[in-house]
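> Mind having a look at this structure? Questions to follow.
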Ligand SMILES: [Ca+2]
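In the numbering used here, the protein residues as written are 35 to 242.
This is the structure we're talking about:
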């Protein structure tokens, strides 16, 4: 989809501060946008947030393990943040036409930084989807799309906005939120200082 191939937004360059890491876990650095005074008030769309992370040779955070998910959620609570973008994305764009991703609402979610798939959304034990939302039904519920709006294709952590604790929600990607970046193993280490901005399409090559 054209959405993914927009040019990088040059205004994000003003926020460049390479090397800033607020947490290290299992060899990966994490950047929480609200923890740096230069971006403490910054809220971006999911794609803009991803571009910010890539500018820093990172990507939006992937929460592949329970431990990592807990660490990130604790940080969100500690910072009194209402929500934040993660790197969770529904694969419903060009290149996603694979049988194992169907139906996309169940099998099509993945972490963009690691290319790892999330458990099927029917598996409520190994993921952290909220059990409620604006419609009072479990996430992901694609609520805006049901109401005639955009598809809820991006994964944010919401902090008790629905009296549901801190859990995952599918949200339309154009919403503006603080965000969390994580070192990406997909980015070659020796390219980090040489290639500050990677081509977007490179990041959608699937591991099969
Ligand atoms: Ca939702």
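The beta-carbon is built from N, C-alpha and C at its ideal position, and this holds for glycine as well.
By Cβ distance below 6 angstroms, which residues in the same chain neighbour residue 116 in space, the five residues on each side in sequence not counted?
Taking the chain shown and counting its residues from 1, one reaches residue 116 at position 82. Around residue 116: 193.
> Below 8 angstroms, can you find three or more Cβ-Cβ pairs linking the region 170 to 183 to the region 69 to 87?
Flag = no, the region 170 to 183 and the region 69 to 87 do not touch.
> Could you tell me if the beta carbon of residue 203 falls within a distance shorter than 7 angstroms of some heavy atom in ligand 1?
Position 169 of the chain shown holds residue 203. Yes; taking the cut-off as 7 angstroms, the Cβ of residue 203 has a heavy atom of ligand 1 nearer than that.
> Using only the alpha-carbon positions, how far apart do residue 102 and residue 146 sit?
Locating residue 102 in the chain shown gives position 68, where the first residue counts as 1. Locating residue 146 in the chain shown gives position 112, where the first residue counts as 1. Approximately 16 angstroms, taken between the alpha carbons.
> Beta strand (DSSP E) containing residue 202: first to last residue?
On the chain shown, residue 202 is found 168 positions in, with the first residue counted as 1. Start and end: 200 to 205.
> Going by alpha carbons, who is nearest to residue 214 out of 81, 112, 120, 91?
Taking the first residue of the chain shown as position 1, residue 214 is located at position 180. Considering only alpha carbons, the answer is 120.
> Identify, in the order they occur along the chain, each residue of the same chain with its Cβ nearer than 6 angstroms to the Cβ of residue 172, setting aside the five sequence neighbours on each side.
Taking the chain shown and counting its residues from 1, one reaches residue 172 at position 138. The residues are 165.
> From residue 209 to residue 78, what does the alpha carbon distance come to, in whole angstroms?
Numbered from its first residue, the chain shown carries residue 209 at position 175. Numbered from its first residue, the chain shown carries residue 78 at position 44. The alpha-carbon atoms of residue 209 and residue 78 are separated by roughly 7 angstroms.
> Closer than 6 angstroms by C-beta to residue 226: which residues in its own chain qualify, once you throw out the five before and the five after it? Chain order, please.
Reading the chain shown from its first residue, position 192 is the one you call residue 226. Bear in mind that a pLDDT of 40 at residue 226, under 50, signals an unreliable position, so the model cannot answer this.
> For residue 195, which option in 160, 168, 135 has the closest C-alpha, if you only look at C-alpha atoms?
Stepping through the chain shown from its first residue, residue 195 is reached at position 161. With distances taken between Cα atoms, residue 195 lies closest to 168.
> Using beta-carbon positions only, say whether residue 113 and residue 68 come within less than 8 angstroms of one another.
The sequence position of residue 113 within the chain shown is 79, counting from 1. The sequence position of residue 68 within the chain shown is 34, counting from 1. Contact flag set, yes.
> Comparing the CB of residue 177 with every heavy atom of ligand 1, is any distance shorter than 7 angstroms?
Here residue 177 corresponds to residue number 143 of the chain shown, with the count starting at 1. Yes; taking the cut-off as 7 angstroms, the Cβ of residue 177 has a heavy atom of ligand 1 nearer than that.
> Looking at the structure shown, is residue 86 part of a helix, part of a strand, or coil, going by DSSP?
Along the chain shown, one-based indexing puts residue 86 at 52. The answer is helix: DSSP assigns residue 86 an H, G or I state.
> Is it the case that the Cβ atoms of residue 126 and residue 142 are separated by a distance below 8 angstroms?
On the chain shown, residue 126 is found 92 positions in, with the first residue counted as 1. On the chain shown, residue 142 is found 108 positions in, with the first residue counted as 1. Yes, Cβ-Cβ distance for residue 126 and residue 142 is below 8 angstroms.
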